[in-house]
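A.B. asks: Chains as they are written, first to last, in the working numbering: chain V, 1363 to 1660; chain W, 243 to 664.
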């Protein structure tokens, strides 16, 4: 298939990922320019889902590297299978043979970790480096070396080059600022919380069982919660969907105060936030917003 | 790509830089490539393509969108914008002229540079009055004649230079004029970052609380992150390896490594709630709340005359400061909170009774804990006038912290690893 923006638009639509051109164009550019795509945004706005959707659209494998504090090259890149090497040496010793270094430092004894898997895949895979902001700055520096050349040196084996440059998607929740050097190598995309209309489309696409009225009310209510200045953890899109699904399951056709009270813990996940919306003026305001009477974001 | 497009994009990139964004040459080349891949008839596509290559953060993206609307505006709107720009330029020119007329020494103008005049014009009225009063007093001083003009000029230039350095990046005259023109005020977020905690209005509080919460979380993760890493590779744990391999007849089959321990120290927050800290009450309260929200293991104490455990209530503000007694009580009563893993964050203006005793107690505290970070809300220029600041600084890392930007600097520069730059 020929990569065009129009093709990408249709492919995302077919996969049920609702988005606009402001998201599609950076994705398209990252693919066309063969550059990593750095996606930033609050948790739950669809960053990881974007990479998964991309893999499905391109009909290829998704290789995921989940980052965490203390992640090092061994876990991200490769390790030698020490136990297997030791058995090989001991077997050779028992049989009276000798083992040369090349025997035990061959690809058979290599444990490939996600970065090496993506480079040696032989086809164009999608490499998702998830929550890169959790890693140390030192690992980040190592990472952009790999991402700029798509080749790595293994001292015992030599340089390994990617036969097909993987599609790299890095995600970050902005827990810390990433280095300018890493950003410079990437096409940048910031995903904000969706507008009411877009969230409504997402609910409609993902939950066809939810009625039009309920879907609209959930989208409006979530938008109202997100715009409240005292909310500590804003609800994600996944939580919106959970909320709507729960309401469908409970057979609720609309978001009245009673339904809000019973199901609010699906969308608010902190004690302070729950307490905030369970007191009278805030609960009524939320209910009014859900009916389209309150102040909401357009 | 024709020269006209390249030239226009270069001018647009320069405009972004003037507004405080930092697109480099690599980004510029990426943007050129991106332009060749999208349909120029679609304004939205072009905007998205340029945004994703030239703006690498939400703040930059907001600047980008405003600059894009300005730069690629339709003919009539462009005319209108240029006219507004011209009017503003004229107003700035007039303000600079006025500054030159006002700053006189014994009737003679000081001969300030254009940038100094612009800085003077941007000062608050009370600061301008203060400068004028200073010049007037100096002009009428005993045995003061025209020979003192260069001295007075140097003093005024020094003052204006200091003020200019306090301006946020991207607040040069060009960016300010453009910022206003683009309806951004050079980024309202940026302005809030630079505003003194004392000057926060009721309307700024929601945004301020959110920003402080993010910074508190970052500070907590900075404090708790271990920076001195002895080994890049994993370290073999010989004792555990030997023990676990006994079952293999001594062949070192199962290697055990020392886990890379992530150091999670306790945080002890000690906040001054005396009368002198009252202007910073909102900052202190929100800072405590922000840290509590994001870090579970934080011991909070407040002090004025006495030490109290727990976050501050509204009624507790006021009274004198006795840090010596507070530290004494902390060392005696709350001994269990102190260990070599504890990081102490002390928020105070250093104005206390019994300063020498307080310094001695601070020394004792420093021996018991890993590190003491002192956030001082008073401007650094005033520190020399504080009687005990030097004594306290010997036992802690003291950092100026009276706006969000400084707190961000503290967080970014790993005060627990290296000193914060001036």
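Positions of the beta carbon are idealized from the N, C-alpha and C atoms, including for glycine.
1) For residue 263(W) and residue 302(W), which I take to be in contact (beta-carbon distance under 8 Å), what is that distance rounded to the nearest angstrom?
2) Sorted by chain position, which residues of the same chain lie with C-beta nearer than 7 Å to residue 1381(V)'s C-beta, five sequence neighbours on each side aside?
3) Quick one: residues in its chain with C-beta nearer than 7 Å to the C-beta of residue 1460(V), no 5 flanking neighbours on either side, listed in chain order?
4) In terms of residues, what are the limits of the beta strand (DSSP E) holding residue 618(W)?
5) Pull up the distance between the alpha-carbon of residue 471(W) and that of residue 1654(V), whole angstroms please.
6) Whose C-beta lies closer than 7 Å to the C-beta of residue 402(W) among residues of the same chain, with five residues either side of it excluded?
7) Below 9 Å between beta carbons: does that hold for residue 591(W) and residue 522(W)?
8) Does any CB atom of chain C fall closer than 9 Å to the CB of residue 247(W)?
9) So residue 545(W) is in the beta strand (DSSP E); what residue range does that whole segment cover?
10) Can the beta-carbon of residue 1480(V) be found less than 9 Å from the beta-carbon of residue 1425(V)?
11) For a test of the three-state rule: what should DSSP assign to residue 1538(V), helix, strand or coil?
12) Quick one: using the 10 Å Cβ neighbour count with 16 as the cut-off for buried, is residue 1553(V) buried or exposed?
13) Between the segment 568 to 588 of chain W and the segment 601 to 611 of chain W, can you find at least three pairs of beta-carbon atoms closer than 8 Å?
14) Return the residues of the segment 277 to 296 of chain W that lie within a Cβ-Cβ distance of less than 7 Å from chain V, sorted by chain order.
15) Alpha carbon to alpha carbon, how far is residue 1409(V) from residue 1616(V)? Give it in angstroms, no decimals.
16) Below 9 Å on C-beta distance, what does residue 491(W) contact in chain V?
17) Does any heavy atom of the ligand ATP sit closer than 8 Å to the C-beta of residue 402(W)?
18) Are the segment 1384 to 1401 of chain V and the segment 277 to 293 of chain W touching, with three or more C-beta to C-beta distances below 8 Å?
19) Rounded to whole angstroms, what's the CA-CA distance from residue 1644(V) to residue 1638(V)? Just pull it up for me.
20) What residues in its chain sit with their C-beta under 6 Å from that of residue 1402(V), if we drop five residues either side in the sequence?
21) Any C-beta of chain W within less than 7 Å: which residues of the segment 1382 to 1394 of chain V qualify?
22) For the segment 253 to 275 of chain W, enumerate the residues whose C-beta is nearer than 8 Å to any C-beta of chain V, in chain order.
23) Could you give the distance in angstroms between the alpha-carbon of residue 393(W) and the alpha-carbon of residue 246(W)?
24) Compare the Cα-Cα distances from residue 1596(V) to each of 1633(V), 1445(V), 1474(V) and report the closest residue.
25) Hey, is the segment 1391 to 1398 of chain V in contact with the segment 1466 to 1477 of chain V, meaning 3+ C-beta pairs nearer than 8 Å?
26) Quick one: Cα of residue 365(W) to Cα of residue 510(W), how far?
27) Look at the alpha carbon of residue 1399(V) and the alpha carbon of residue 354(W), and state the distance between them as a whole number of angstroms.
28) When the Cα atoms are used, what is the spatial distance from residue 1473(V) to residue 298(W)?
29) Measure from the C-beta of residue 299(W) to each C-beta in chain V and report whether the shortest distance is under 9 Å.
30) Return the chain-ordered ranges of every alpha helix (DSSP H) run that is complete within the segment 569 to 650 of chain W and spans a minimum of 4 residues.
31) Going by DSSP, name the residue or residues bridged to residue 350(W).
32) Out of curiosity, what's the CA-to-CA distance linking residue 320(W) and residue 313(W)?
33) Which residues in the same chain as residue 370(W) place their Cβ atom closer than 8 Å to its Cβ, once the five residues preceding and following it in sequence are excluded?
34) Listing by chain order, which chain V residues have their CB less than 7 Å from the CB of residue 495(W)?
35) By DSSP's criteria, residue 323(W) is part of a beta bridge. Which residues make up the other side?
36) Does the CB of residue 451(W) have a neighbour CB from chain V at under 9 Å?
C.D. replies: Quick answer:
1) Sequence index remark: in the second chain, residue 263(W) carries index 21 (1-based). Sequence index remark: in the second chain, residue 302(W) carries index 60 (1-based). Yes, they are in contact, since the Cβ atoms of residue 263(W) and residue 302(W) sit about 4 Å apart, within 8 Å.
2) As a first step, residue 1381(V) must be located in the first chain, where it is residue number 19. Excluding residues within five positions, the ones whose Cβ falls inside 7 Å are 1374.
3) Here the question's residue 1460(V) lines up with position 98 in the first chain. Contacts found: 1454.
4) For the purposes of this step, residue 618(W) is identified with residue 376 of the second chain, where counting begins at 1. Where residue 618(W) is concerned, the enclosing beta strand (DSSP E) stretches over 613 to 618.
5) If you number the second chain from 1, residue 471(W) lands on position 229. If you number the first chain from 1, residue 1654(V) lands on position 292. Legend: pLDDT at residue 471(W) = 39, less than 50; position of this residue unreliable, no value from coordinates given.
6) By 1-based counting over the second chain, the position of residue 402(W) is 160. Contacts found: 358, 361, 362.
7) One-based indexing of the second chain puts residue 591(W) at position 349. One-based indexing of the second chain puts residue 522(W) at position 280. Their beta carbons are under 9 Å apart, which means residue 591(W) touches residue 522(W) by this criterion.
8) Although the question refers to chain C, the structure presented lacks it and instead comprises the protein chains V and W.
9) The residue you call residue 545(W) lines up with position 303 of the second chain. Run containing residue 545(W): 540 to 545, per the beta strand (DSSP E) assignment.
10) Residue numbering aside, residue 1480(V) sits at position 118 when the first chain is read from its first letter. Residue numbering aside, residue 1425(V) sits at position 63 when the first chain is read from its first letter. Yes, Cβ-Cβ distance for residue 1480(V) and residue 1425(V) is below 9 Å.
11) Translated into the one-based positions of the first chain, residue 1538(V) becomes position 176. Note: residue 1538(V) maps to coil in three-state DSSP.
12) Here residue 1553(V) refers to the residue found at position 191 when the first chain is read from its first residue. Residue 1553(V) comes out buried.
13) yes
14) 279, 280, 286, 287, 290, 291, 294, 295
15) On the first chain, position 254 is the one that residue 1616(V) refers to. On the first chain, position 47 is the one that residue 1409(V) refers to. If I take the Cα positions, the gap works out to 30 Å.
16) Taking the second chain and counting its residues from 1, one reaches residue 491(W) at position 249. Going along chain V, no residue has its Cβ under 9 Å from residue 491(W), so there is no contact; the nearest lies around 10 Å.
17) Within the structure as shown, the ligand ATP is missing, as the structure has no ligands at all.
18) yes
19) In the first chain, residue 1644(V) corresponds to position 282, counting from 1. In the first chain, residue 1638(V) corresponds to position 276, counting from 1. Answer to the nearest angstrom: the Cα atoms are 7 Å apart.
20) Numbered from 1 along the first chain, position 40 holds the residue referred to as residue 1402(V). For residue 1402(V), where only same-chain residues beyond five positions count, the Cβ hits under 6 Å are 1534, 1536, 1552.
21) 1383, 1384, 1387, 1388, 1391, 1394
22) 264, 266, 268, 269, 272, 275
23) Residue 393(W) sits at position 151 when you count from the first residue of the second chain. Residue 246(W) sits at position 4 when you count from the first residue of the second chain. Each residue's Cα considered, the two are about 51 Å apart.
24) In the first chain, counting from the first residue as 1, residue 1596(V) sits at position 234. Cα-wise, what sits closest to residue 1596(V) is 1633(V).
25) no
26) Counted from its first residue, the second chain places residue 365(W) at position 123. Counted from its first residue, the second chain places residue 510(W) at position 268. Going by the C-alpha atoms only, they are around 39 Å apart.
27) Position 37 of the first chain, counting from 1, holds the residue named residue 1399(V). Position 112 of the second chain, counting from 1, holds the residue named residue 354(W). Cα to Cα, residue 1399(V) sits roughly 49 Å from residue 354(W).
28) By 1-based counting over the first chain, the position of residue 1473(V) is 111. By 1-based counting over the second chain, the position of residue 298(W) is 56. Cα to Cα, the separation comes out at about 35 Å.
29) The residue labelled residue 299(W) in the question sits at position 57 within the second chain. At least one chain V Cβ lies under 9 Å of residue 299(W).
30) 597 to 610, 631 to 635
31) One-based indexing of the second chain puts residue 350(W) at position 108. Paired residue(s): 347(W).
32) Counting from one through the second chain, the residue named residue 320(W) turns up at place 78. Counting from one through the second chain, the residue named residue 313(W) turns up at place 71. Taking the straight line from one Cα to the other gives about 8 Å.
33) Counting from 1 along the second chain, the entry for residue 370(W) is found at position 128. Excluding positions up to five away in sequence, the list reads 344, 362.
34) For the purposes of this step, residue 495(W) is identified with residue 253 of the second chain, where counting begins at 1. Under the 7 Å cutoff, chain V gives 1445, 1448.
35) Locating residue 323(W) in the second chain gives position 81, where the first residue counts as 1. Note: residue 323(W) sits in no beta bridge, so no partner.
36) Sequence index remark: in the second chain, residue 451(W) carries index 209 (1-based). Taking Cβ atoms only, chain V reaches closer than 9 Å to residue 451(W), which makes this a yes.
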